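Engineer: Just so you know, our numbering puts 176 at position 102 of the sequence shown, and the rest follows in order with no gaps. Submitted below is the structure of interest, expressed as structure tokens.
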Amino acid sequence: MNSTVSLNKPRERTGIAFLLGLLAAIGMLLPFLIIDRGYFIFYGDFNVQQIPFYKMAHEAVRSGNFFWNWTTDLGANFIGSYSFYLLGSPFFWLTLVFPNSIVPYLMAPLLALKFALATLAAYWFLRRFLKPDFAVLGAILYAFSGFSIYNIFFFHFHEAIVYFPLMLLALELYMKEGRRGLFAVTFFLSALSNYYFFIGQAVFLIIYWFVRVFSKDWEKAGLRFFGLLFEAVVGAAMAGFILLPSYYAVIQNSRTDNILSGWNLLIYSKPQRFFDIIHSYFFPQDIPARASFFPESDNKWSSMSAWIPVFGCTGVIAYIQSRRHTDWVRRLILILVVVSLVPGFNAAFHLFNSMYYARWYYMMVLILVLATMLAIQDEDRLPVDWKRAFLWSSVITAFFAVFVGFIPKSWKPDAETGKIEFGLFNKDYPELFWVAVAIAIVSLVLSALLIALHLREREMFFKWSAGVSVCVILIFGWYSIGVGKVQGRFSSSYIIDRAIGAADKIKLPDSEFHRVDFNNDLDNLGMFWNMPSIQAFHSIVPGSVMDFYNSVGVERTVGSRPDSSHYALRGLLSVKWLFDYSNDDDKMSKAEESFFSKTGEDGEAVLQMPGWSYYGEQQGYLIYQNDCFVPMGFTYDKYIPRARFDDYDQRKRELVLLKAIVLEKGDIEKYGKFMSPFEDPGYFSDIFTEQEYISDCAARKENAAYHFTYDNKGFTAKINLPDDNLVFFSVPYEKGWSATVNGKKVEIVNVNVGFMAVPCPAGDVTIRFDYMTPGLITGGYISLAALAVFLVYLLISAVVAGHRKKKIDGSPAVPAVLSGEKAEESPDFEFDLYSFYPKTEPKDELPENPSEPDGGV
Numbered sequence: 075m076n077s078t079v080s081l082n083k084p085r086e087r088t089g090i091a092f093l094l095g096l097l098a099a100i101g102m103l104l105p106f107l108i109i110d111r112g113y114f115i116f117y118g119d120f121n122v123q124q125i126p127f128y129k130m131a132h133e134a135v136r137s138g139n140f141f142w143n144w145t146t147d148l149g150a151n152f153i154g155s156y157s158f159y160l161l162g163s164p165f166f167w168l169t170l171v172f173p174n175s176i177v178p179y180l181m182a183p184l185l186a187l188k189f190a191l192a193t194l195a196a197y198w199f200l201r202r203f204l205k206p207d208f209a210v211l212g213a214i215l216y217a218f219s220g221f222s223i224y225n226i227f228f229f230h231f232h233e234a235i236v237y238f239p240l241m242l243l244a245l246e247l248y249m250k251e252g253r254r255g256l257f258a259v260t261f262f263l264s265a266l267s268n269y270y271f272f273i274g275q276a277v278f279l280i281i282y283w284f285v286r287v288f289s290k291d292w293e294k295a296g297l298r299f300f301g302l303l304f305e306a307v308v309g310a311a312m313a314g315f316i317l318l319p320s321y322y323a324v325i326q327n328s329r330t331d332n333i334l335s336g337w338n339l340l341i342y343s344k345p346q347r348f349f350d351i352i353h354s355y356f357f358p359q360d361i362p363a364r365a366s367f368f369p370e371s372d373n374k375w376s377s378m379s380a381w382i383p384v385f386g387c388t389g390v391i392a393y394i395q396s397r398r399h400t401d402w403v404r405r406l407i408l409i410l411v412v413v414s415l416v417p418g419f420n421a422a423f424h425l426f427n428s429m430y431y432a433r434w435y436y437m438m439v440l441i442l443v444l445a446t447m448l449a450i451q452d453e454d455r456l457p458v459d460w461k462r463a464f465l466w467s468s469v470i471t472a473f474f475a476v477f478v479g480f481i482p483k484s485w486k487p488d489a490e491t492g493k494i495e496f497g498l499f500n501k502d503y504p505e506l507f508w509v510a511v512a513i514a515i516v517s518l519v520l521s522a523l524l525i526a527l528h529l530r531e532r533e534m535f536f537k538w539s540a541g542v543s544v545c546v547i548l549i550f551g552w553y554s555i556g557v558g559k560v561q562g563r564f565s566s567s568y569i570i571d572r573a574i575g576a577a578d579k580i581k582l583p584d585s586e587f588h589r590v591d592f593n594n595d596l597d598n599l600g601m602f603w604n605m606p607s608i609q610a611f612h613s614i615v616p617g618s619v620m621d622f623y624n625s626v627g628v629e630r631t632v633g634s635r636p637d638s639s640h641y642a643l644r645g646l647l648s649v650k651w652l653f654d655y656s657n658d659d660d661k662m663s664k665a666e667e668s669f670f671s672k673t674g675e676d677g678e679a680v681l682q683m684p685g686w687s688y689y690g691e692q693q694g695y696l697i698y699q700n701d702c703f704v705p706m707g708f709t710y711d712k713y714i715p716r717a718r719f720d721d722y723d724q725r726k727r728e729l730v731l732l733k734a735i736v737l738e739k740g741d742i743e744k745y746g747k748f749m750s751p752f753e754d755p756g757y758f759s760d761i762f763t764e765q766e767y768i769s770d771c772a773a774r775k776e777n778a779a780y781h782f783t784y785d786n787k788g789f790t791a792k793i794n795l796p797d798d799n800l801v802f803f804s805v806p807y808e809k810g811w812s813a814t815v816n817g818k819k820v821e822i823v824n825v826n827v828g829f830m831a832v833p834c835p836a837g838d839v840t841i842r843f844d845y846m847t848p849g850l851i852t853g854g855y856i857s858l859a860a861l862a863v864f865l866v867y868l869l870i871s872a873v874v875a876g877h878r879k880k881k882i883d884g885s886p887a888v889p890a891v892l893s894g895e896k897a898e899e900s901p902d903f904e905f906d907l908y909s910f911y912p913k914t915e916p917k918d919e920l921p922e923n924p925s926e927p928d929g930g931v
């Protein structure tokens, strides 16, 4: 019987890819939802940033508050502070159709959707080079890689994991087929979603483009370069309305000034980090902030993980060994590995900042997955020495397991135990090390069995490999999330019942503006309760907040956490209430030394800060009232030049701020006339006592605003002044503010190292401050102009494409026989063309070059 070759395309697996990713994510998260009453509670940043940020931003957007946010630290630019976390994410905007009380329940469904869409996006890209089954398998490995599981901790990182395969696909379609418009759209979506990851993706795309071009995989690369560059610029410009405000917000952050330099560009300052990078390819990484393999590598939150579930690096090694040096995937992998090992190259993905991050590894993981699948799929055409690949992978795995697990830290016996201590891993978390080793070894065995199955029963490979991979993903996901929940300082029930549940149950007696304080409690608890607080955990706040806290000796990097030794800040910053969780139910790990001391005569806890009294108990919290509360908006009768203020010891500066207003050199001549200079009586007269603090607060309260309200665009204050004076507000100074006094525009003065004051005349005064996000209007115009250019570009492209198609369709067919020539005689109808083909069973053929599409997207 003659065999025939099927010309049908392979059946696509688009729906299967999405559903498999969705079901795997649901399976990973569902047990924890059941345990935690429908909430997904993890630990660390997820609990104290992602949940309250989503809830607060949801309420802010629905109420039209796009400008100034009062519950972020001492106040912050809403767009500039939250464009990094959620404001440009379509997943956040999906929550707006739900009530605010439902938002905490949506974290798990949104995370599951992100995993599913990451699987689908990866499938579409991988389908360019792989058969459908292999593309599905590769997509699930990418979406649930070690990087993705690690970064559940950073909920907002997963948008980048979704968008990146689409950006590569759009790049391929443009360079290979001339498809216009899609690359600009993906560039826009990436820039809109997260500017930090957008920068890293742009760097990766440049590397990818050069590797593909120099490997001569694309025709017309030179001609299409300028069109590609045009789409990139237009795509980024369309996101100008969020990029420009973000830029103005980020450049105020002092961490942006720390640029990598010198030998740090070539050699990691932490010797263990080099080995940790190599280890991250072969082992599942430690959970954030709990380093077990290399405790001194200082990679606690770096997102360093390139581990592929089940297959690890075995397939990658096999691919590299079996391909020529001209192969573009091989070239790209070798370049990326070198980039990961050289600090200067690695830092290029975050603009050479000196802080170490590996948050671009998900992009490398996609290429590693592609190489792994190609090595298995194409072994008929390009034989692979699997024994050699497994040997390399096993040796490297064994090296790390044995060296870190058994080598003694020192040959001298321990002073306490008298024994030699074996193992270099973190003894605080020994189980984390051994579980990671076990997962790596079991994955090696499983991958060997799957490769053996592929060599014998290839039709069964996809089902078994997909099933085994999903099982390993589920087990690893359950383990990682479970360990994280155990490591957290606050129990899930505390987060649910107190942080989320108590938000509407705390009742305070007054409605005047005030800030609150917490005793050694959950970060951002004030945001959970929609109360302005001096305790905050947020990376992107006005630079003036950082300047102020640093000036008074409070370290401000990613959080504001003034302890009880800075009691004067409570009066200065209008703090009225302090909450101390009684912890009778033991729902949190709590230390009392921050605010309380067991020194009372009756044995009761005595508050270390002066001027506080007990108010009552609500929802398990002991509530204290600040008797030295100073309302927002008050005046001074003395001033002190900034230079003299800086001469004081940091511990006394906050006390000075309640005696005199700090004026910059250029403002003394204009506004110093309203007050008298501050004179320090000298060494023999101590004016910085607790009693003096109480007196100073009372003095400031005498000339404070009798009315203060804030709204979506700013705030209004009313005050009665006996004389002309500056009125001070503990609101961070930013260029977006403008002010009027009795309807007349006035200058805003930068006082007290980062706050605002305005000059006011004597009498009853109405002060109005309005805020407009810097860069928002200009960025909006840029976005509209770019959108118009993009639409014109699409229209022109469509017209040109239509004209070409019409020209081709309308061209007359070339005749087989020219006029006047004699036609050939008819062929032999008994001729059998198929007799020349070998009598073999059909099988799908792939292009020799992995860059050639196989009937895919």
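Beta carbons are placed, not taken as given, at the ideal position from N, Cα and C, and that holds for glycine. Quantities reported herein were computed from a predicted structural model and do not represent experimental measurements.
Would a C-beta distance cut-off of 8 Å place residue 236 and residue 91 closer than the cut-off?
Structural biologist: Cβ distance not < 8 Å, so residue 236 and residue 91 don't count as in contact.
Engineer: Do the CB positions of residue 871 and residue 254 come within less than 8 Å of each other?
Structural biologist: Closer than 8 Å, so yes.
Engineer: Would residue 372 and residue 430 qualify as a contact pair, given that the criterion is a beta-carbon distance under 8 Å?
Structural biologist: Contact flag set, yes.
Engineer: To the nearest angstrom, how far is it from the Cα of residue 792 to the Cα of residue 595?
Structural biologist: Those two C-alpha atoms are separated by around 34 Å.
Engineer: Can you give, in chain order, each stretch of the alpha helix (DSSP H) that sits fully within the stretch 595–672 and has at least 4 residues?
Structural biologist: Counting whole runs of 4 or more residues, the stretch 595–672 contains the alpha helix (DSSP H) stretches 599–602, 617–625, 642–646.
Engineer: With burial defined as no fewer than 16 other Cβ atoms inside 10 Å of the residue's Cβ, what is the status of residue 654: buried or exposed?
Structural biologist: So residue 654 counts as buried.
Engineer: Span of the beta strand (DSSP E) holding residue 795?
Structural biologist: Run containing residue 795: 788–795, per the beta strand (DSSP E) assignment.
Engineer: Less than 8 Å between the beta carbons of residue 849 and residue 425, yes or no?
Structural biologist: In this structure, residue 425 does not lie closer than 8 Å to residue 849 by Cβ.
Engineer: How is residue 248 classed by DSSP in three states: helix, strand or coil?
Structural biologist: Of the three classes helix, strand and coil, the one that applies to residue 248 here is helix, per DSSP.
Engineer: Contact between the stretch 123–142 and the stretch 169–187 is defined here as three or more beta-carbon pairs at a separation below 8 Å; is this criterion met?
Structural biologist: Output reads yes: the stretch 169–187 touches the stretch 123–142.
Engineer: Determine whether the beta carbon atoms of residue 147 and residue 634 lie at a separation below 8 Å.
Structural biologist: Cβ distance < 8 Å, so residue 147 and residue 634 count as in contact.
Engineer: Should residue 618 and residue 506 be called a contact, given that it needs their Cβ atoms to be closer than 8 Å?
Structural biologist: Contact: no.
Engineer: Contact check, residue 829 vs residue 789 under 8 Å by CB: the rounded distance?
Structural biologist: Going by Cβ atoms, the distance from residue 829 to residue 789 rounds to 13 Å, so no, they are not a contact pair.
Engineer: Kindly indicate which three-state DSSP category residue 310 falls into: helix, strand or coil?
Structural biologist: Correct three-state label for residue 310: helix.
Engineer: Starting from the N-terminal side, write out each stretch of the alpha helix (DSSP H) that is 4 residues or longer and does not extend beyond the stretch 813–877.
Structural biologist: List check, alpha helix (DSSP H) in window: nothing returned.
Engineer: In the DSSP output, which residue or residues are listed as bridge partners for residue 91?
Structural biologist: Partner(s): none; residue 91 has no beta bridge.
Engineer: Under three-state DSSP, which class holds residue 145?
Structural biologist: Residue state, collapsed to three classes: coil.
Engineer: By how many angstroms is the C-alpha of residue 195 removed from the C-alpha of residue 201?
Structural biologist: Their Cα atoms are separated by approximately 10 Å.
Engineer: Under the three-state reduction of DSSP, which class applies to residue 686: helix, strand or coil?
Structural biologist: Here residue 686 sits in strand by DSSP.
Engineer: Around the Cβ of residue 780, are there at least 16 other Cβ atoms within 10 angstroms (buried) or fewer (exposed)?
Structural biologist: Exposed, by the Cβ-count rule.
Engineer: With a CB to CB cut of under 7 Å and the five nearest residues on each side skipped, what residues in its chain are close to residue 103?
Structural biologist: If we look at residue 103 and ignore the five residues flanking it on each side, its Cβ neighbours are 114, 182, 185, 186.
Engineer: Given a cut-off of 8 Å on the beta-carbon distance, is the pair residue 368 and residue 356 in contact?
Structural biologist: For residue 368 and residue 356, no; Cβs fall outside 8 Å.
Engineer: State yes or no: is the C-beta of residue 264 within less than 8 Å of the C-beta of residue 351?
Structural biologist: No, these two residues do not count as a Cβ contact at 8 Å.
Engineer: So residue 563 and residue 468 are supposed to be a Cβ contact under 8 Å. How far apart are they, rounded?
Structural biologist: Going by Cβ atoms, the distance from residue 563 to residue 468 rounds to 39 Å, so no, they are not a contact pair.
Engineer: Our contact map puts residue 515 next to residue 471 with C-beta atoms below 8 Å; I'd like the distance itself, whole angstroms only.
Structural biologist: Their Cβ separation, rounded to whole angstroms, is 7 Å, which keeps residue 515 and residue 471 in contact under 8 Å.
Engineer: Going by other Cβ atoms of all chains shown within 10 Å of its Cβ, with 16 needed for buried, is residue 823 buried or exposed?
Structural biologist: Classification of residue 823: buried, given that the 10 Å Cβ count is 16 or more.
Engineer: DSSP three-state call for residue 781: helix, strand or coil?
Structural biologist: Three-state result, residue 781: strand.
Engineer: What number of angstroms, rounded off, separates the C-alpha of residue 288 from the C-alpha of residue 504?
Structural biologist: Computed Cα separation, rounded: 47 Å.
Engineer: Secondary structure at residue 359, three-state DSSP: helix, strand or coil?
Structural biologist: Of the three classes helix, strand and coil, the one that applies to residue 359 here is coil, per DSSP.
Engineer: So, residue 604 versus residue 735, is the Cβ gap smaller than 8 Å?
Structural biologist: In this structure, residue 735 does not lie closer than 8 Å to residue 604 by Cβ.
Engineer: According to DSSP, what are the bridge partners of residue 417?
Structural biologist: Residue 417 pairs with nothing; no bridge assigned.
Engineer: Report the CB separation of residue 868 from residue 312 in whole angstroms; it is logged as a contact under 8 Å.
Structural biologist: Between residue 312 and residue 868 the Cβ distance is about 12 Å, and since that is not below 8 Å, they are no contact.
Engineer: According to DSSP, is residue 159 helix, strand or coil?
Structural biologist: Three-state DSSP puts residue 159 in coil, outside helix and strand.
Engineer: What are the partner residues of residue 712, as DSSP defines its beta bridges?
Structural biologist: 750.
Engineer: Taking a contact to mean a Cβ-Cβ separation below 8 Å, would you say residue 474 touches residue 784 in this structure?
Structural biologist: Contact flag unset, no.
Engineer: Exposed or buried, what is residue 370 when buried is set at 16 or more other beta-carbons lying within 10 Å of its beta-carbon?
Structural biologist: Exposed is the call here.
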